[in-house]
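In UniProt numbering, the protein residues as written are 1 to 142.
In structure tokens:
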């Protein structure tokens with residue numbers, strides 16, 4: 001099952017939600033490459049989508065009042081994780097947790113399309129998609 005298949009399930013087939021989540025996933029991967037390697041496939045396209053393009057996606061436009069704070073939280077957690085991942089084992093464990101923030105945005109999307117009960121049902125499944133382990137992060141950073 002691909003990530004897009006999971007999105008379709010979590011977001012109950014809402015194609016606008018799936019499209020937004022796919023764009024967000026790819027943008028966060030590019031941003032992480034930019035942070036870690038100093039380059040990404042297309043930094044101009046990345047900046048354009050994050051700054052302006054997402055505003056015109058139907059799902060974001062309809063739910064910006066929920067998604068914008070969720071994305072801000074994701075960004076702030078990611079920034080903190082980039083510092084903590086270079087620390088001791090306890091810091092790396094915290095970084096591991098913080099790096100999963102994008103899954104929190106996906107959980108928010110599931111709530112938007114399906115409500116409380118649906119979000120409670122698929123929430124654990126969403127977070128299980130975070131495949132990296134704290135030990136793998138520790139080895140990568142040390």
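Positions of the beta carbon are idealized from the N, C-alpha and C atoms, including for glycine. Predicted model only: the values in this text are computed from it and were never measured.
Inter-residue Cα distance where the pair is residue i and residue j
i: residue 24; j: residue 1; result: 19 angstroms
i: residue 62; j: residue 142; result: 43 angstroms
i: residue 33; j: residue 39; result: 6 angstroms
i: residue 7; j: residue 127; result: 12 angstroms
i: residue 98; j: residue 92; result: 10 angstroms
i: residue 110; j: residue 139; result: 33 angstroms
i: residue 49; j: residue 76; result: 18 angstroms
i: residue 9; j: residue 66; result: 20 angstroms
i: residue 94; j: residue 87; result: 10 angstroms
i: residue 123; j: residue 115; result: 12 angstroms
Candidates the options: closest to residue i by CA position
i: residue 137; options: 100, 121 and 43; result: 100
i: residue 64; options: 17, 142 and 124; result: 17
i: residue 41; options: 51, 139, 35 and 30; result: 30
i: residue 104; options: 87, 69, 12 and 27; result: 69
i: residue 51; options: 37, 36 and 71; result: 71
i: residue 132; options: 9, 78, 121 and 96; result: 96
i: residue 130; options: 81, 56, 102 and 47; result: 102
i: residue 11; options: 112, 134, 53 and 56; result: 112
Helix, strand or coil at residue i [DSSP, three-state]
i: residue 179; result: Residue 179 lies beyond the residue range present for the chain, which begins at 1 and ends at 142; the question has no answer from this structure.
i: residue 42; result: coil
i: residue 60; result: helix
i: residue 68; result: helix
i: residue 14; result: coil
i: residue 4; result: helix
i: residue 106; result: helix
i: residue 97; result: helix
i: residue 91; result: helix
i: residue 30; result: helix
i: residue 128; result: helix
i: residue 135; result: helix
i: residue 79; result: helix
Exposure of residue i, with buried meaning 16 or more beta-carbon neighbours within 10 Å
i: residue 83; result: exposed
i: residue 43; result: exposed
i: residue 117; result: exposed
i: residue 85; result: buried
i: residue 108; result: buried
i: residue 14; result: buried
Inter-residue CB distance, residue i and residue j (contact presumed, cutoff 8 angstroms)
i: residue 20; j: residue 59; result: 4 angstroms
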